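Novice: One structure, as structure tokens, below. Some questions next.
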Amino acid sequence: MEKSGEMGMEVQIADGLASAFGGLGLNKAFFRNWFAHMNLPDDEMRDIANPWNEMQLHVSYKCAEALSVLGLGVGLAVSRKPNRLRKAGRAAFLGALVGAGPVGVLMWSGKARSLNDEDIYDRAYRVRYNRNQIRIDNAYKASAQLGLVGGLLMTRSLSGTLADIGLVSVLGVLGSISYIAYAKPDKQSW
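To convert, note that position 24 of the sequence shown is 24 in UniProt numbering; the numbers rise steadily by one, no gaps.
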């Protein structure tokens, strides 16, 4: 563990995010693991202030990722030229919105009803240690941000920007899955 005077920029950002979102139960240990990719001692990994919210975030990310890939496929299948790729990108973006919002909330709410507090805590704890899932989530998030910046700079239109967010985020998901399948990084540590 680094001393406070020697913290890297990503750790400082993670701690800032923890301060901003602490009311939701997303604490320093969560953000240092999820954002700064720090290998934390097990007692810090067990410090889960609100496991329900951590699991909701996880399920919403997974649903957004899955439905954006599905949206891209459907968009490519049903759209015609011209602007086929732009239409597919918008379908991917729409899939991500639907996945992160209503589908993710409904899926986790439905599953959480059948679990007790200990089961929810156990799932949140195991997700913290599943670095491959966090890698995919972070690749999705970073790719969507890259698509936003690229779309704003290149297309200078809302429609083009949304399409770029959808396309690049799907590429990030597929790229991170390919990396995990090929490189087989350690699932338990950074």
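For each residue, glycine too, the CB sits at the ideal point set by N, CA and C. Small disclaimer: the values here were computed from a predicted structure and weren't measured.
1. Okay, do the stretch 54-64 and the stretch 126-140 touch, 3+ Cβ pairs below 8 Å being the bar?
2. Thinking just about the alpha-carbon of each residue, which of Leu153, Glu54, Phe93 and Arg86 is nearest to the one in Ala64?
3. Is the separation between the beta-carbon of Phe35 and that of Ala14 shorter than 8 Å?
4. Terminal residues of the continuous alpha helix (DSSP H) containing Ala53?
5. Measuring only the C-alpha atoms, how far is Glu2 from Leu115?
6. Less than 8 Å between the C-beta atoms of Ala96 and Leu67, yes or no?
7. Go ahead and pull the three-state DSSP assignment for Lys87.
8. Between the Cα of Ser143 and the Cα atoms of Gly75, Leu24, Asn132 and Leu167, which residue gives the shortest distance?
9. Do Gly175 and Ile165 have their CB atoms nearer than 8 Å?
10. Could you tell me the alpha carbon to alpha carbon distance between Pro102 and Met7, rounded to whole angstroms?
11. Relative to the C-alpha of Gly110, which residue among Trp52, Asn39 and Gly147 is closest?
12. For Met38, which of helix, strand or coil comes out of DSSP?
13. With 16 as the cutoff for other CB atoms within 10 Å, does Gly147 come out buried or exposed?
14. So Lys187 packs on Asn130, CB below 8 Å; how close in whole Å?
15. On a CA-only basis, which of Gly172, Arg46 and Gly23 is nearest Ala29? Give me that one, please.
16. Checking 8 Å against the spacing of the C-beta atoms, do Asn27 and Trp190 come in under that value?
17. Ends of the alpha helix (DSSP H) at Asn132?
18. Counting only the same chain and skipping the five closest in sequence on each side, list residues whose C-beta sits under 6 Å from that of Leu76.
19. For Gln12, does the count of other Cβ atoms within 10 angstroms reach 16, so buried, or fall short, so exposed?
20. Where does the unbroken alpha helix (DSSP H) through Ser159 begin, and where does it stop?
Specialist: Walking through what the data contain:
1. yes
2. Along the sequence shown, one-based indexing puts residue 64 at 64. If we check each option's Cα against that of Ala64, Phe93 comes out closest.
3. Position 35 of the sequence shown, counted from the start, is the residue given in the question as residue 35. Position 14 of the sequence shown, counted from the start, is the residue given in the question as residue 14. Cβ distance < 8 Å, so Phe35 and Ala14 count as in contact.
4. For the purposes of this step, residue 53 is taken as residue 53 along the sequence shown, with counting starting at 1. In the sequence as displayed, the identity of residue 53 is Asn instead of Ala. Where Asn53 is concerned, the enclosing alpha helix (DSSP H) stretches over Pro51 to Val78.
5. On the sequence shown, position 2 is the one that residue 2 refers to. On the sequence shown, position 115 is the one that residue 115 refers to. With a pLDDT of 48 at Glu2, under the threshold of 50, the predicted position of this residue should be treated as unreliable, and no value is reported.
6. To locate residue 96, count along the sequence shown from 1; it is residue 96. To locate residue 67, count along the sequence shown from 1; it is residue 67. Taking 8 Å as the Cβ cut-off, Ala96 and Leu67 qualify as a contacting pair.
7. Mapped onto the sequence shown, residue 87 falls at position 87. Helix at Lys87.
8. The residue you call residue 143 lines up with position 143 of the sequence shown. Per the Cα distances, Leu167.
9. As a first step, residue 175 must be located in the sequence shown, where it is residue number 175. As a first step, residue 165 must be located in the sequence shown, where it is residue number 165. In this structure, Ile165 does not lie closer than 8 Å to Gly175 by Cβ.
10. Residue mapping note: residue 102 aligns to position 102 of the sequence shown, counting from 1. Residue mapping note: residue 7 aligns to position 7 of the sequence shown, counting from 1. Their Cα atoms are separated by approximately 38 Å.
11. For this step, residue 110 is matched to residue 110 along the sequence shown. With distances taken between Cα atoms, Gly110 lies closest to Trp52.
12. Working through the sequence shown from its first residue, we reach residue 38 at position 38. In the structure shown, Met38 sits in coil (DSSP, three-state: anything other than H, G, I, E or B).
13. Counting from 1 along the sequence shown, the entry for residue 147 is found at position 147. Label assigned to Gly147: buried.
14. Residue mapping note: residue 187 aligns to position 187 of the sequence shown, counting from 1. Residue mapping note: residue 130 aligns to position 130 of the sequence shown, counting from 1. The pair is a contact, with the Cβ atoms about 6 Å apart (cut-off 8 Å).
15. Position 29 of the sequence shown, counting from 1, holds the residue named residue 29. Per the Cα distances, Arg46.
16. Residue 27 sits at position 27 when you count from the first residue of the sequence shown. Residue 190 sits at position 190 when you count from the first residue of the sequence shown. Not closer than 8 Å, so no.
17. On the sequence shown, residue 132 is found 132 positions in, with the first residue counted as 1. Residues Arg131 to Met154.
18. For the purposes of this step, residue 76 is identified with residue 76 of the sequence shown, where counting begins at 1. The answer, listed in chain order, is Ala88.
19. For the purposes of this step, residue 12 is identified with residue 12 of the sequence shown, where counting begins at 1. Exposed: under 16 other Cβ atoms inside 10 Å.
20. Sequence index remark: in the sequence shown, residue 159 carries index 159 (1-based). Leu158 to Ala183 is the extent of the alpha helix (DSSP H) around Ser159.
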